């Protein structure tokens, strides 16, 4: 049975196929009466299918009857009972392949409105607006009139605490990206992902969707909104974008191209091309959090074991507490201990990367002198917990924060002037708050995205304020800190043509400096797959130098078999590789494994160094074009629709295919070989591989525990570096 709520002018049908259902009151379990009162549809065909969804077209929508840019809500209340905002629409042609559609709340800052740089009719994108009973937008490819997306199959809602807009992509297209580790898949076919990092969440995805059509022509959609962003996918390729934006805006950028490569070029022209890191930063990095009690012996022990197992590495952080447990201070006798270790590292031609935190301990001079630049709570400076310290959080949008950070970073580094770091590791910069006793303030929020218990779990209270409310800047917080810290380190280090890597645990689109450490994964087989998904999503979103988190996770119970498989994958193919384990956890690098596993991983490290010229060549290309180093098969072979479902094999540059093992005890893999290439060859040994004779394109290969399947594409040559 269907029910249709009240409407002054009956509009929309409730007879909607279930894969088009847009949930009307997400996160709640409304009764039939509550659902109908919200102007939505109640489905009770079966008891297990009771569901409150929007009509088609949705009655929760906006109107534009006057032909002006102003949009007015059709209904007086949102599904949650809030008063709708008055919106205006702005359409800006930013170049011939990039068009921006903006929904802007009345009273929002005027500098959020973009102006066209070219005439709209000169672009490759055509826009149709439907006015009258409901407001819809349809973007089309100008040359073929193919729909890029259409907004008429879902609601448009905007209130102080909840925004939602739905984009219908072509039904037969492939959609990739936007929170893949939350859903466990790079493909957007179902499920939801929330882009707002908190404690224990996999929410560092990117607000970008790549759409590949049957012909291989592609387009991308980038969405921008303050606050948490939730992306909900349905099998019909209907994507709902929800946010907690407040009275601000929702931007939808569309980029078109004849291939994924052209879309990446257009995307990175907008967000900024990725920075090319120094060559050595493609080597292996190691770090640990074991010296809170003041010893740095683990770094020297690791160096000795690496020599015994005969594997190279390029940098060591010495310890997350190399200078002490707080930032911007050198504690006790740490300087002499650090100098001893770093001098030995540098004598062996290795680099020191310093771990630095955004959080500021209240027992430091930096805290005393930073009262005007910290985030503020209801009782003054907002305080949290980090590494057993009571800490404040700088507002990196504050105009005075650069001078403050320069002063205290300079004072800290002056104490280690003769062993200055070659770069920085900015962990927990999303920013982490370990105080579990703080209230989350959810009772005052209209909506909390699904997948989050609150907007404040493990991070700063959403309502803490600086130049803006923290919720509005949360996703950019890590990138803002990274940019400032990098600039200051380069000034202190003096004139040099050397690029200094600054590796952050949180980065946002357009905030790339040198690299993203990646989401921390649990040490299990799903964590292994999530690491690969994380690297691929970052790559297609314009951030090619990423690591998928520490190899074999940084916490959890691990096994030698898992860490061996994980190491084979990451060391051979990931752009950024790092061993690191958290406080209270155990090491899982080659020196911590059993002798056989340790030597297998050591050999994988050596293979990585042999492959570095190839990896760096295509990372360099990424810095010029945005085309990622690690690529989903569908990106490299977009016209071969059989590649669309492949997530457990991928390309590294255009020449090398990788097929890792994601299941314990597996000793063989069945992989797909694209039809456009007749033959592939094993990187190790050169044996020729061809698909089966019956034409499915599949072949089963042996996958021993000591080797990752790596195949060179026919007609390509990969030069290996001699160690």
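In the UniProt record's numbering, the protein residues as written are 1 to 723.
All residues carry an ideal CB built from backbone N, CA and C; glycine is no exception.
On a predicted model such as this, the values are computed, not experimentally measured, just so you know.
Can residue i and residue j be called in contact, C-beta distance under 7 Å?
i: residue 224; j: residue 251; result: yes
i: residue 71; j: residue 16; result: no
i: residue 421; j: residue 353; result: yes
i: residue 507; j: residue 277; result: no
i: residue 465; j: residue 376; result: yes
i: residue 228; j: residue 196; result: yes
i: residue 392; j: residue 381; result: yes
i: residue 153; j: residue 238; result: yes
i: residue 433; j: residue 505; result: no
i: residue 270; j: residue 315; result: no
i: residue 32; j: residue 42; result: yes
i: residue 729; j: residue 247; result: Lying outside 1 to 723, the shown extent of the chain, residue 729 is not represented and no answer is given.
i: residue 78; j: residue 194; result: no
i: residue 652; j: residue 658; result: yes
i: residue 581; j: residue 587; result: yes
i: residue 147; j: residue 173; result: no
Consult DSSP for residue i and reduce its assignment to one of helix, strand or coil.
i: residue 242; result: strand
i: residue 249; result: strand
i: residue 9; result: With a pLDDT of 47 at residue 9, under the threshold of 50, the modelled position of that residue is not reliable, and no figure is offered here.
i: residue 307; result: helix
i: residue 1; result: Residue placement at residue 1 cannot be trusted, given a pLDDT of 43 that sits under 50; what the coordinates show is reported in the next sentence. Residue 1 falls in the coil class under three-state DSSP.
i: residue 168; result: strand
i: residue 419; result: helix
i: residue 577; result: strand
i: residue 633; result: helix
i: residue 140; result: strand
i: residue 17; result: coil
i: residue 588; result: coil
i: residue 488; result: helix
i: residue 177; result: strand
i: residue 194; result: strand
i: residue 128; result: strand
i: residue 322; result: coil
i: residue 727; result: In the structure displayed, the chain extends from 1 to 723; residue 727 sits before or after that span and is not available.
i: residue 466; result: coil
i: residue 183; result: helix
i: residue 287; result: coil
i: residue 396; result: coil
i: residue 704; result: coil
i: residue 114; result: coil
i: residue 480; result: helix
Taking 8 Å as the limit between beta carbons, can you name the residues of its chain near residue i, skipping five residues before and five after?
i: residue 99; result: 91, 92, 93, 120, 123, 125, 127, 139, 253 and 254
i: residue 484; result: 396, 401, 402 and 405
Could you please give the first and the last residue of the uninterrupted alpha helix (DSSP H) stretch that includes residue i?
i: residue 567; result: 560 to 573
i: residue 616; result: 595 to 625
i: residue 270; result: 260 to 271
i: residue 527; result: 525 to 540
i: residue 42; result: Counting along the chain, residue 42 falls outside any alpha helix (DSSP H), though it belongs to the beta strand (DSSP E) covering 41 to 43.
i: residue 412; result: 401 to 414
i: residue 367; result: 365 to 368
i: residue 33; result: 32 to 37
In chain order, what residues of the same chain have a beta carbon less than 6 Å from the beta carbon of residue i, not counting five sequence neighbours either side?
i: residue 691; result: 673, 697 and 699
i: residue 524; result: none
i: residue 320; result: 289 and 355
i: residue 1; result: Caution is warranted here: a pLDDT of 43 is assigned to residue 1, below 50, making its placement in the model unreliable, and the coordinate value is therefore given only provisionally. Closer than 6 Å at Cβ, skipping near neighbours: 44.
i: residue 549; result: 518, 519, 520, 521 and 531
i: residue 312; result: 609
Got a sec? Which residues, its chain only, sit under 7 Å from residue i by beta carbon, not counting five neighbours each side?
i: residue 341; result: 296, 299, 300 and 318
i: residue 7; result: With a pLDDT of only 46 at residue 7, under 50, the local geometry of the prediction cannot be trusted, and no value is derived from it.
i: residue 490; result: 500
i: residue 712; result: 655, 656, 680, 681, 683 and 718
i: residue 462; result: 441, 455, 456, 470 and 471
With a threshold of 6 Å (Cβ to nearest heavy atom), would residue i be considered close to the ligand ZN?
i: residue 178; result: The ligand ZN is absent from the structure shown, which contains no ligand whatsoever.
Give the range of the beta strand (DSSP E) segment to which residue i is assigned.
i: residue 717; result: Run containing residue 717: none; DSSP gives neither H nor E here.
i: residue 347; result: Segment 334 to 347 is the alpha helix (DSSP H) holding residue 347; no beta strand (DSSP E) there.
Would residue i pass as an interface residue toward chain B - the criterion being a Cβ-Cβ separation below 7 Å?
i: residue 253; result: Absent here is chain B; the protein component of the structure consists of one chain.
- Do the region 160 to 179 and the region 219 to 237 meet, that is, are 3 or more Cβ pairs less than 8 Å apart? yes
- Query: Is there contact here, the region 698 to 709 with the region 556 to 570, by at least three beta-carbon pairs under 8 Å?
  - Reply: yes
- Taking one C-beta from the region 520 to 538 and one from the region 627 to 643 each time, how about it: are there three or more such pairs within less than 8 Å? yes
- Message: Contact between the region 409 to 419 and the region 331 to 338 is defined here as three or more beta-carbon pairs at a separation below 8 Å; is this criterion met?
- Response: yes
- Message: If contact is defined by three or more beta carbon pairs under 8 Å, each pair taking one atom from either stretch, is the region 101 to 119 in contact with the region 257 to 265?
- Response: no
- Query: Does the region 632 to 641 come close enough to the region 663 to 677 to have 3 or more Cβ pairs within less than 8 Å?
  - Reply: yes
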